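Taking this note's numbering, the leading residue of the sequence shown gets 88, the next gets one more, and so forth.
Cβ coordinates follow ideal geometry from the N, Cα and C atoms, glycine included.
On a predicted model such as this, the values are computed, not experimentally measured, just so you know.
Inspection log for the structure reproduced underneath, given as structure tokens.
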Amino acid sequence: MMALFSLARRLQRIHSQILSPFFLQHPATVPSPFPSPSVHQLYLFSLAFHQTFFISSQTPVVTSNFSTLQSLSSQTLNYPFEITPPLNHDPGPQEPALLHLLKRVAHCSSETEAMASLDESGINATLGLVCSVIWTLREEWRLAFLAFKWGEKWGSSGEKTYELMIWVLGNHRKFNMAWCLIRDLYRSSMDTRRAMFVMIDRYAAASDPCMAIQTFHTMEKFRMSPDEEAFSTLLKALCRYGNIEEAEEIMLVNKKLFPLDADGFNIILNGWCNVLVDVIEAKRVWREMSEYCIIPNATSYTHMISCFSKVGNLFDSLRLYDEMKKRGWDPGIEVYNSLVYVLARENCLNEAYNILKKMKKSGLPPDPATYDAMIRPLCESEKVEEARNILSIMKEENLSPTMETYHAFLHSVGIEGTLEILDCMKAGSLGPTGDTFLFILGKFLKVEQPEHALKIWAEMKRFEVLPDSRHYIILVKGLATSGWLVKAREYYDEMRSCGFLDDPKLKKLLEEPKQHSGSMRQRGRIEIKRSKQLNERKGKKSGQKKKVNADKR
């Protein structure tokens with residue numbers, strides 16, 4: 088460990104941005120190493136409690152992102168609303184027929200006519216079938232709602248069905264309809280508690296923390312006590328979607344009703360450390376814990392080590408790890424994953440391998456996430472060979488690559504390598520998913536390679552991934568900025584024909600006079616041609632250098 092600290096000190100001197108060491112020793116037991124609180128600490132108390140936020144009604148709620156930072160650690164706090172495909176039922180062979188019928192009856196002139204057609208189909212409405220269809224149609228809320236109403240008519244709906252439908256409506260900001268379902272639940276004497284939690288979660292996901300907080304206070308109207316579980320759910324939902332200042336404020340404002348403790352502060356720390364990755368704010372919260380005489384626990388240290396590792400601060404990551412052990416807390420696998428990540432990122436692979444050995448000796452064998460944490464920074468810095476070596480070790484340990492493993496390798500490959508990785512993912516039943524293609528499209532369009540982006544777009548059909556509004560938006564914007572305005576307009580029209588709403592920014596981007604679009608596209612092609620020529624020249628120069636060196640030998 089002393090060797091690691093020595094190495095970390097050398098790296099600390101190299102990185103000019105790390106101006107002074109940060110020794111996180113909690114002031115509840117030792118003198119504080121932190122400076123006195125500044126005006127910045129009081130900032131969040133100046134926020135209005137009922138702050139209003141503008142929400143564009145034309146943009147769907149984005150509920151997932153392809154982010155290497157967020158995937159590194161772990162949000163270690165259990166989150167209760169990871170809506171996943173219903174697994175506790177077998178919908179049977181009737182689902183495809185029902186899906187086809189729902190899309191056909193959607194054009195009926197009235198709901199009564201649509202319901203009649205569904206009734207005459209002879210399809211037996213079961214709870215499992217209805218849940219499965221709602222999940223499949225989660226991107227098309229009208230069809231999902233029609234399936235829900237049909238199931239409700241035949242008595243094939245329960246609390247879980249209501250909660251899933253409320254989640255779908257919340258995704259599309261149809262909150263008024265979702266509230267109607269909650270009232271129906273209440274009038275039917277069913278439990279509305281989890282449904283209210285889903286509403287809190289969806290408001291937070293829609294960047295409307297005020298309504299999430301108001302929903303928490305509304306629980307009393309449904310004869311539910313806003314207890315500690317509900318309060319914790321509110322804080323987690325706010326932090327999960329980046330509304331961390333609001334979560335921290337409401338926690339402090341309500342400290343008489345819900346006494347402050349390490350668990351509450353850990354929710355806030357998790358937000359700053361793993362959602363927004365803001366070291367300055369994380370340090371401030373750590374100081375405030377001491378001011379309220381809250382002693383950090385193992386989870387607190389885990390979050391802080393994760394935060395420091397993500398920003399490449401090896402010295403403080405190791406310092407906290409050592410302090411954590413001195414205070415009697417056993418580091419969990421997430422702590423070790425953070426350490427191997429920052430060591431690999433700072434080109435300290437031998438030390439990272441030593442951490443793996445230490446894990447095995449302590450009875451905590453590395454898991455796929457541990458190896459992914461090493462592979463990811465290597466791929467991001469284009470050290471593909473080293474990353475492949477770690478992948479080989481991973482397989483020797485009888486650990487299969489994960490979706491994160493393949494996503495990491497996508498950072499450092501071209502079009503052919505990308506297609507190969509997609510095939511591997513398919514063969515291993517690990518996707519690819521919509522997020523995978525979202526990342527790939529963004530990667531190629533960022534470097535102005537629209538022809539590769541269009542090739543990937545065509546591949547989506549082969550992998551049975553349906554594009555949503557996010558894919559269309561990134562493709563249209565990328566094509567337009569690359570000078571392919573004609574193609575950009577074609578895909579924008581296709582996006583609108585699929586039922587996705589207008590995007591004002593994209594519309595403005597495409598409003599350039601059409602007589603210039605040809606020259607813009609030609610300019611884009613010229614840039615691509617120049618880029619190819621430049622690469623060819625570099626290749627020739629590299630080959631000439633190798634030949635000269637060989638002649639010298």
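1) Are the stretch 394-402 and the stretch 412-421 touching by the rule of at least three beta carbon pairs closer than 8 Å?
2) Start and end of the alpha helix (DSSP H) containing Gly504?
3) With DSSP collapsed to three states, give me the class of Thr489.
4) Tell me which residues share the same chain as Leu509 and place their Cβ nearer than 7 Å to its Cβ, disregarding the 5 neighbours each side in the sequence.
5) Would the stretch 295-307 count as touching the stretch 324-339 if we require 3 or more Cβ pairs under 8 Å?
6) Quick one: any contact between the stretch 512-526 and the stretch 475-486, if contact means 3 or more CB pairs under 8 Å?
7) Compute the distance between the beta-carbons of Pro455 and Ala431, then report whether it is under 8 Å.
8) Which of the three DSSP states, helix, strand or coil, is assigned to His259?
9) Since Ala184 and Ile210 should fall inside the 8 Å C-beta cutoff, what is the C-beta to C-beta distance between them, to a whole number of angstroms?
10) At which residues does the alpha helix (DSSP H) containing Ser393 begin and terminate?
11) Tell me whether Ser584 sits in a helix, a strand or coil according to DSSP, three-state version.
12) May I have the straight-line CA-CA distance separating Arg281 from Ala567, to the nearest angstrom?
13) Mark Met376 as exposed unless 16 or more other C-beta atoms lie within 10 angstroms of its C-beta, in which case mark it buried.
14) When DSSP labels each residue in this structure, what does Glu535 get in the three-state scheme?
15) Starting from Phe352, trace the alpha helix (DSSP H) in both directions and tell me its first and last residue.
16) Take Pro313 and list the residues in its own chain whose beta-carbon comes closer than 8 Å to its own, dropping the five residues that flank it on each side.
17) Tell me the residue span of the alpha helix (DSSP H) that contains Asp278.
18) Helix, strand or coil for Lys564 per DSSP?
19) Give me, in chain order, the residues of the same chain whose beta-carbon lies closer than 8 Å to that of Glu250; leave out the 5 immediate sequence neighbours on both sides.
20) Does DSSP classify Phe232 as helix, strand or coil?
21) Tell me where the alpha helix (DSSP H) around Arg432 begins and ends.
22) Determine the direct distance from the alpha carbon of Ile527 to that of Ile502, and round the result to whole angstroms.
23) Between Asp278 and the rest of its own chain, which residues show a CB-CB distance below 8 Å, the 5 nearest in sequence each way excluded?
24) Cβ of Gly496 within 8 Å of Cβ of Ala514?
25) Let me know if Gly242 comes out buried or exposed under the rule of 16 or more other beta-carbons within 10 Å of its beta-carbon.
26) When burial is assigned at 16 or more other CB atoms within 10 Å of the CB, is Pro383 buried or exposed?
27) Against chain D, with Cβ distances strictly below 8 Å, would Arg191 count as a contact?
28) Excluding the five sequence neighbours on either side, which residues of its own chain have a C-beta within less than 6 Å of the C-beta of Asn152, listed in chain order?
29) Hey, out of Arg260, Asn258 and Ile253, whose CA is closest to Arg270's CA?
30) For Ala212, which of helix, strand or coil comes out of DSSP?
31) Phe140 to Cys466, Cα distance in whole Å?
32) For Leu478 and Thr457, which I take to be in contact (beta-carbon distance under 8 Å), what is that distance rounded to the nearest angstrom?
33) Just checking my contact of Phe531 with Val552 at CB under 8 Å: how many whole Å lie between their CB atoms?
34) Identify the continuous alpha helix (DSSP H) that holds Leu405 and give its terminal residues.
Checking against the coordinates, here is how it stands:
1) Judged by Cβ distances under 8 Å, the stretch 394-402 makes no contact with the stretch 412-421, as fewer than three pairs qualify.
2) Ile502 to Ala514
3) coil
4) Excluding residues up to 5 positions away in sequence, Pro519, Glu546 and Phe550 lie with their Cβ nearer than 7 Å to the Cβ of Leu509 in the same chain.
5) yes
6) Segments in contact, no.
7) It is not a contact, given that the beta carbons lie outside the stated cut-off.
8) coil
9) 6 Å
10) Ala385 to Lys397
11) helix
12) 44 Å
13) buried
14) coil
15) In the DSSP annotation of this structure, the continuous segment of the alpha helix (DSSP H) that includes Phe352 starts and ends at Ala349 to Asn357.
16) Phe303, His304, Met306 and Glu307
17) Note, Asp278: premise wrong, no alpha helix (DSSP H); not H, not E.
18) helix
19) Around Glu250: Arg281, Ala282 and Val285.
20) helix
21) Arg432 -> alpha helix (DSSP H) spans Ile420 to Arg432.
22) 9 Å
23) Glu246 and Leu272
24) According to the sequence displayed, residue 496 carries Phe and not Gly. Not in contact: Phe496 and Ala514 (Cβ atoms no closer than 8 Å).
25) exposed
26) buried
27) Here chain D cannot be found, since the structure has a single protein chain.
28) Bear in mind that the predicted position of Asn152 carries a pLDDT of just 38, short of 50, making it unreliable; the figure below should be weighed with that in mind. None.
29) Ile253
30) Ala212 falls in the coil class under three-state DSSP.
31) At Phe140 the pLDDT is 27, less than 50, meaning the model places this residue with poor confidence; the figure from the coordinates comes in the next sentence. Whole-angstrom Cα-Cα distance: 38 Å.
32) About 13 Å; that fails the 8 Å criterion.
33) Contact flag wrong, Cβ pair sits at about 16 Å.
34) Leu401 to Lys413
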